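Report on one structure; see the data block that follows.
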Amino acid sequence: MSFTGRFTALDPLLPPPVPLLPSAGGERVEAVTASGTRVSAVLQRYRHGPGDAPLLWSAAEVWQLFPGPDTAGTEAFDALLGALRSQVDIEAPGPDSACVVNWPSRDAEAIRAFLDHGLVPLSALAIRPAAAPEPAVSAAAIRLAGPADFDAALALCAATFDYTGLVAHRKRDQTAELLRPALRRALGGSTTWLAESRGEVVALAQCDWVEAAPGSEAAELLPPGRWGYVNNVVTAPASRGHGIGRALMARAHRELLGQGATGTYLYYNPTNPLSTVFWHRQGYRPLWTSWEAHPAGALR
5 MSFTGRFTAL
15 DPLLPPPVPL
25 LPSAGGERVE
35 AVTASGTRVS
45 AVLQRYRHGP
55 GDAPLLWSAA
65 EVWQLFPGPD
75 TAGTEAFDAL
85 LGALRSQVDI
95 EAPGPDSACV
105 VNWPSRDAEA
115 IRAFLDHGLV
125 PLSALAIRPA
135 AAPEPAVSAA
145 AIRLAGPADF
155 DAALALCAAT
165 FDYTGLVAHR
175 KRDQTAELLR
185 PALRRALGGS
195 TTWLAESRGE
205 VVALAQCDWV
215 EAAPGSEAAE
225 LLPPGRWGYV
235 NNVVTAPASR
245 GHGIGRALMA
255 RAHRELLGQG
265 ATGTYLYYNP
275 TNPLSTVFWH
285 RQGYRPLWTS
295 WEAHPAGALR
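Last residue of the sequence shown: 304 (our numbering), numbering continuous.
Structure (structure tokens):
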């Protein structure tokens, strides 16, 4: 079966896989399975400084493995992860580090190897096709957000990242500072909505546009098209359970699809007991899952 054919068999919504080419600073990793099959991947290292926004969802030092698109079967992934562990042993990363593999969510044979090597599913890219039905929602006062809403929006966003620090990626002391630049830009646009109750902002949906054009990074993860990106959604704890989040996303979906979105997508944490149930009910389902070991030395 061809690379493209195998990905299509795993999930018909996956884009065609890209060739395995070492990117700038990357290196090829090769291994041989117990049955004698040679498999390969590219290992990319990332280091994030104290003020870098990726620290909101990432370790400071990342070892990311990109398996070849022809990698198939538990045995193949077991061999590649063993080779990655050998590299980790040589360089001994610090405590704020992680080993990461991003792979199609429906590849159950790969999942077996990930679990055996101590990786856990910390992030999933989920998509919602344009034809997904809208759930019933309650009435809520929803409006477009603007620069004057910055303080209220920042408080909500910081709170949700602090919660994520309990159930997924580590909590950062500088969460608010890392959030500020992107949030200010978002509130100057037209894709962030707020829900109000009794004159107070109680929920936020921060969205954006992403083009999955041929040759772009987005096209490696998404089907072709203009996608609405749901970046950050949060409801204040005291306002949860009243349908406000559903109403807010129903508005966001209508606005984005009405402006020609192919569909919408987002990242959520499978370990988050609030987001998993919520997003599946909104019509989202995982396409890619990011498997991680924290710290990198926890990889088995």
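We treat Cβ as the ideally placed atom computed from N, Cα and C, and that holds for glycine.
These numbers come from a predicted model, not from an experiment.
- Candidates L226, R42 and E181, of which the one nearest T12 by Cα: Translated into the one-based positions of the sequence shown, residue 12 becomes position 8. Here the closest residue by C-alpha is L226.
- Message: Assuming contact is defined by CB atoms lying nearer than 8 angstroms, are E69 and L84 in contact in what I supplied?
- Response: As a working note, residue 69 is residue 65 in the sequence shown. As a working note, residue 84 is residue 80 in the sequence shown. It should be noted that the sequence gives Leu, not Glu, for residue 69. Contact: yes.
- Cβ-Cβ distance between Y272 and T280 below 8 angstroms: In the sequence shown, the residue the question calls residue 272 occupies position 268. In the sequence shown, the residue the question calls residue 280 occupies position 276. Cβ distance < 8 angstroms, so Y272 and T280 count as in contact.
- Smallest Cα separation from P125: which of N106, A38 and A135? Start at 1 with the first residue of the sequence shown, and residue 125 comes out as number 121. Out of N106, A38 and A135, N106 has the C-alpha closest to the C-alpha of P125.
- Which of helix, strand or coil DSSP assigns to P299: Reading the sequence shown from its first residue, position 295 is the one you call residue 299. Three-state DSSP puts P299 in coil, outside helix and strand.
- Message: Give me, in chain order, the residues of the same chain whose beta-carbon lies closer than 7 angstroms to that of A199; leave out the 5 immediate sequence neighbours on both sides.
- Response: Here residue 199 corresponds to residue number 195 of the sequence shown, with the count starting at 1. If we look at A199 and ignore the five residues flanking it on each side, its Cβ neighbours are A144, A145, I146, V206, A207, I248, A251 and L252.
- Message: If distances are taken between C-alpha atoms only, which option among L14, P241 and T195 comes closest to T322?
- Response: Absent from the model: residue 322. The displayed extent of the chain is 5 to 304, so no value can be given.
- Would you call the CB atoms of W292 and P108 closer than 8 angstroms? Against the sequence shown, residue 292 aligns to sequence position 288. Against the sequence shown, residue 108 aligns to sequence position 104. Contact: yes.
- Query: Could you check where the beta strand (DSSP E) with A216 kicks off and where it finishes?
  - Reply: If you number the sequence shown from 1, residue 216 lands on position 212. Taken as a continuous stretch (DSSP letters only), the beta strand (DSSP E) holding A216 covers E204 to A216.
- Query: Mapping DSSP to helix, strand and coil, what is E65?
  - Reply: Position 61 of the sequence shown holds residue 65. E65 falls in the strand class under three-state DSSP.
- Task: Could you tell me which of Q178, A87 and P228 sits nearest to V214, measuring between CA atoms?
- Result: Taking the first residue of the sequence shown as 1, we reach residue 214 at position 210. Ranking Q178, A87 and P228 by Cα distance to V214 puts P228 first.
- Query: Exposed or buried, A242, counting other C-beta atoms within 10 Å across all chains shown (16 or more means buried)?
  - Reply: Counted from its first residue, the sequence shown places residue 242 at position 238. That one is exposed.
- Message: Taking contact to mean 3 or more Cβ pairs, one atom from each stretch, closer than 8 angstroms, check whether the stretch 49-57 and the stretch 179-190 are in contact.
- Response: yes
- From A217 to R230, what does the alpha carbon distance come to, in whole angstroms? For the purposes of this step, residue 217 is identified with residue 213 of the sequence shown, where counting begins at 1. For the purposes of this step, residue 230 is identified with residue 226 of the sequence shown, where counting begins at 1. The alpha-carbon atoms of A217 and R230 are separated by roughly 8 angstroms.
- Below 6 angstroms CB to CB, which residues in the same chain sit around Y50 once its five sequence neighbours on both sides are set aside? As a position in the sequence shown, residue 50 is number 46, starting the count at 1. Non-local C-beta neighbours of Y50 in its own chain, meaning closer than 6 angstroms and more than five positions away in sequence, comprise V66, ordered along the chain.
- Message: If you reduce the DSSP assignment to three classes, tell me which class E31 lands in.
- Response: Translated into positions along the sequence shown, residue 31 becomes position 27. Secondary structure at E31: strand, using DSSP grouped into helix, strand and coil.
- Query: To the nearest angstrom, how far is it from the Cα of S220 to the Cα of A186?
  - Reply: For the purposes of this step, residue 220 is identified with residue 216 of the sequence shown, where counting begins at 1. For the purposes of this step, residue 186 is identified with residue 182 of the sequence shown, where counting begins at 1. Approximately 21 angstroms, taken between the alpha carbons.
- G232: which of L129, I94 and P277 sits nearest, CA to CA? Indexing the sequence shown from 1 puts residue 232 at position 228. Among L129, I94 and P277, the Cα nearest to that of G232 belongs to L129.
- Quick one: complete alpha helix (DSSP H) runs, 4+ long, within the stretch 117-174? 154-171
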